[in-house]
Amino acid sequence: GDLVRAVLNLALLTGNVGRQGGGVFPLFPGGNAQGAADMGCSPYILPGHRRLRSEEDRAAVEALWGSLPPRPEGKGVPQMLASMEDGTLKAAVVMADGVAPTVAGLGDIAAALGKTEFLVVSTPFESDLTATADVVLPATTYAEETGTVTNLERRVQLLRPCRVAAGEERAGWETLAALARRLGAKGFDFASAAAVFEEVRMLVPAYGGLTHRRLERGGVQWPCPDEDHPGTPTLYASGEGAAKPAFSRLAPRLPIEAGDADLPFLLAPGRVLHDPRREVRIVRTGHMNRAEREDSVEVHPEDADCLGINEGDRIEVSGPDLHEPIAGAARLTSPQPGLVGVTRLFATVASDMQESNSPDPVLTLGGLLFCRVKLAKVRASTGAGATAG
């Protein structure tokens, strides 16, 4: 989105790309999220971050796989859950810890999975999901697997087993390869995790110089295009390469329309870590702490005088661009006539995200956008608040 592109533009503008200690690090929720993206574990990209809609990228994948990737983009987690709910997605395979019990909204996810006609769960441990699955396939833990993980600094590291699986457990790649063969797919006759990685080397140019044998000596940072390449500790340090980042053109934000009789005020939302001027209470709800405080709305004294609003009165802010009205105690501290301010605590935002049903609640966090609003007095202050004016 525009926010990510703006951060990248800022890093470029300040010279923090291609230098030690610089760069932009996305805070992924999982330990191997970078590696998963490199492998194309997304409905929107192909291995090696190739573009699903690029004919050149599709042809490169077809040359190795012998068939073209499906043209339509796949479904992300929210879309898959919605399709399970409405019955259009009738079967699902859940791998390992694909649905973790610590993820907010697990109840909704489990309910959606429960509506499928056929559910396969491949996991090392019993859970509520295995109790409702049609088929349960025993899986190895990470301590019993061979593979690679890639961290945020692009360091590819070899994962080696510290114990041998004792029963019928299979690694994830073994389960998927066996399933593909049963469905009649070609090219899944891998003998080992190292053999799978050989295909990765051919599909992902940045991994071209890596092998399991080489990674036994230690992690290597990609891009590493050939076996003589030492790896790349600092990306873009040489200032060259076709993939060198460039400034992105952001979608222009139209000027805020002038106020009118219906929407005379401009709302400036904000977030702060701490506000020493206002009391905050920590309330424990279940197993969580939640920060609570009285919400307030900053209004200029001249505007308050025109509307008959006094300090401490309960007022409501509403407008077509707000998801829902904002209510709070009036504070006659706005620095500019016509400007209304509302500030939330980051602690409150964090609590809302924790309780969100979205698989990735950060993406649902609203932006701090100015918009036109109106004010309404809900009730007068019960205290001896100062008179506006």
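Under my numbering, read the sequence shown as residues 1 to 389, first letter to last. Just so you know, even glycine gets a beta-carbon here, dropped at the ideal spot from N, CA and C.
Buried or exposed by the 16-neighbour rule on C-beta atoms within 10 Å, applied to residue i
{"i": "I282", "result": "exposed"}
{"i": "Y44", "result": "exposed"}
{"i": "Q20", "result": "exposed"}
{"i": "K374", "result": "buried"}
{"i": "Q34", "result": "buried"}
{"i": "H274", "result": "exposed"}
{"i": "V4", "result": "exposed"}
{"i": "R314", "result": "buried"}
{"i": "E85", "result": "exposed"}
{"i": "P325", "result": "exposed"}
{"i": "H212", "result": "buried"}
{"i": "F28", "result": "exposed"}
{"i": "M288", "result": "exposed"}
{"i": "V204", "result": "buried"}
{"i": "N32", "result": "buried"}
{"i": "T14", "result": "exposed"}
{"i": "A392", "result": "Lying outside 1 to 389, the shown extent of the chain, residue 392 is not represented and no answer is given."}
{"i": "A63", "result": "exposed"}
{"i": "V164", "result": "exposed"}
{"i": "N16", "result": "exposed"}
{"i": "V220", "result": "buried"}
{"i": "E311", "result": "buried"}
Strand pairing of residue i, partner residues [DSSP]
{"i": "C371", "result": "L267"}
{"i": "G328", "result": "I315"}
{"i": "A91", "result": "F118"}
{"i": "T175", "result": "BP columns for T175 are empty, so no partner."}
{"i": "V17", "result": "None, per the DSSP bridge assignment."}
{"i": "R51", "result": "I45"}
{"i": "V297", "result": "A330"}
{"i": "V220", "result": "V156"}
{"i": "V164", "result": "In DSSP, V164 forms no bridge with anything."}
Helix, strand or coil at residue i [DSSP, three-state]
{"i": "E292", "result": "strand"}
{"i": "A246", "result": "coil"}
{"i": "A376", "result": "strand"}
{"i": "A251", "result": "coil"}
{"i": "L113", "result": "helix"}
{"i": "L322", "result": "coil"}
{"i": "F125", "result": "coil"}
{"i": "V349", "result": "helix"}
{"i": "Q336", "result": "coil"}
{"i": "R181", "result": "helix"}
{"i": "R170", "result": "strand"}
{"i": "V4", "result": "helix"}
Where the beta strand (DSSP E) through residue i begins and ends
{"i": "S83", "result": "Where S83 is concerned, there is no enclosing beta strand (DSSP E), although the alpha helix (DSSP H) it sits in stretches over V77 to D86."}
{"i": "P285", "result": "According to the sequence as given, residue 285 is Thr; it is not Pro. R281 to T285 is the span of the beta strand (DSSP E), which, as asked, contains T285."}
{"i": "L345", "result": "L339 to L345"}
{"i": "T148", "result": "G147 to T150"}
{"i": "L235", "result": "No beta strand (DSSP E) holds L235; DSSP gives it neither H nor E."}
{"i": "L137", "result": "V135 to P138"}
Terminal residues of the alpha helix (DSSP H) in which residue i lies
{"i": "F197", "result": "A193 to L203"}
{"i": "P301", "result": "P301 to L307"}
{"i": "R155", "result": "Here R155 belongs to no alpha helix (DSSP H); instead the beta strand (DSSP E) covers R155 to L159."}
{"i": "R213", "result": "H212 to L215"}
{"i": "E62", "result": "E55 to W65"}
{"i": "G22", "result": "It is not in any alpha helix (DSSP H) - G22 carries neither H nor E in the DSSP assignment."}
{"i": "L129", "result": "D128 to T132"}
{"i": "G187", "result": "Careful: G187 lies outside any alpha helix (DSSP H) and carries neither H nor E."}
{"i": "D38", "result": "A33 to D38"}
Decide yes or no for the touch test of the region 183-190 against the region 146-154: beta carbon pairs closer than 8 Å, at least 3 of them. Flag = no, the region 183-190 and the region 146-154 do not touch.
If we count Cβ pairs, one from each stretch, closer than 8 Å, do we get three or more for the region 50-63 versus the region 167-177? Contact annotation: the region 50-63 does not touch the region 167-177, with fewer than three C-beta pairs closer than 8 Å.
With a threshold of 8 Å, are at least 3 pairs of Cβ atoms found where one atom belongs to the region 209-227 and the other to the region 60-72? When Cβ pairs closer than 8 Å are counted between the two stretches, the region 209-227 is seen not to touch the region 60-72, the count staying below three.
At least 3 beta-carbon pairs within less than 8 Å: the region 333-343 vs the region 299-312: Yes, since at least three Cβ pairs between the region 333-343 and the region 299-312 fall closer than 8 Å, the two stretches touch.
Below 8 Å, how does it come out for the region 191-201 and the region 133-142: are there three or more Cβ pairs, yes or no? No contact exists between the region 191-201 and the region 133-142.
Using 8 Å as the cut-off, can you tell me whether the region 76-90 makes contact with the region 107-126, which would need three or more C-beta pairs spanning the two stretches below that distance? Flag = yes, the region 76-90 and the region 107-126 touch.
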